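Asks: Attaching a single structure in structure tokens format; questions to follow.
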Amino acid sequence: MGKGSKQRPTSPTFYDNWDAVFGNKQEVEEKTHEYDCYKCGGLDEDDVFEEIEVNHEPLGDTTVPRTMIILTCERCGQEVERTG
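Every number in our numbering is 10 more than the matching position in the sequence shown, counting from 1.
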């Protein structure tokens with residue numbers, strides 16, 4: 011503002027229009043899931059079946075156990091990935 015100038019009065023509809031455009035957006039907390047199924051979406055721990063498979067692989071003259079954890083969806087039977 012220059013010297014001696016007064017601020018223009020704000021139109022009463024200005025704030026209504028501002029809220030209509032930008033809104034009072036309240037942050038919505040999205041529920042995060044531990045597991046993700048491609049077919050069913052996000053899953054909790056109760057919806058996942060965990061199968062532990064131990065394979066013995068040769069290493070030189072001995073065999074070494076290698077543990078694999080296979081996660082499957084109890085709803086549809088598809089493989090599940092851990093999201094965290």
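Note that beta-carbon positions come from the ideal geometry of N, C-alpha and C, so glycine has one too. Every value quoted in this text rests on a predicted model; they were computed, and no experiment measured them.
Do you know how far the Cα of Asn65 is from the Cα of Thr93?
Replies: To locate residue 93, count along the sequence shown from 1; it is residue 83. To locate residue 65, count along the sequence shown from 1; it is residue 55. Distance between the alpha carbons of Thr93 and Asn65 is about 25 Å.
Asks: Using the three-state DSSP reduction, which class does Asp71 fall into: helix, strand or coil?
Replies: Start at 1 with the first residue of the sequence shown, and residue 71 comes out as number 61. Asp71 falls in the coil class under three-state DSSP.
Asks: How big is the Cα-Cα spacing for Ile79 and Asn27?
Replies: As a first step, residue 79 is located in the sequence shown; it is residue number 69 there, counting from the start. As a first step, residue 27 is located in the sequence shown; it is residue number 17 there, counting from the start. When rounded, the distance between both Cα atoms is 55 Å.
Asks: Below 8 Å between beta carbons: does that hold for Phe59 and Glu89?
Replies: Here the question's residue 59 lines up with position 49 in the sequence shown. Here the question's residue 89 lines up with position 79 in the sequence shown. No, the pair does not count as a contact, with Cβ atoms beyond the cut-off.
Asks: Report the CB separation of Asp54 from Glu44 in whole angstroms; it is logged as a contact under 8 Å.
Replies: Your numbering for residue 54 matches position 44 in the sequence shown. Your numbering for residue 44 matches position 34 in the sequence shown. Going by Cβ atoms, the distance from Asp54 to Glu44 rounds to 6 Å, so yes, they are a contact pair.
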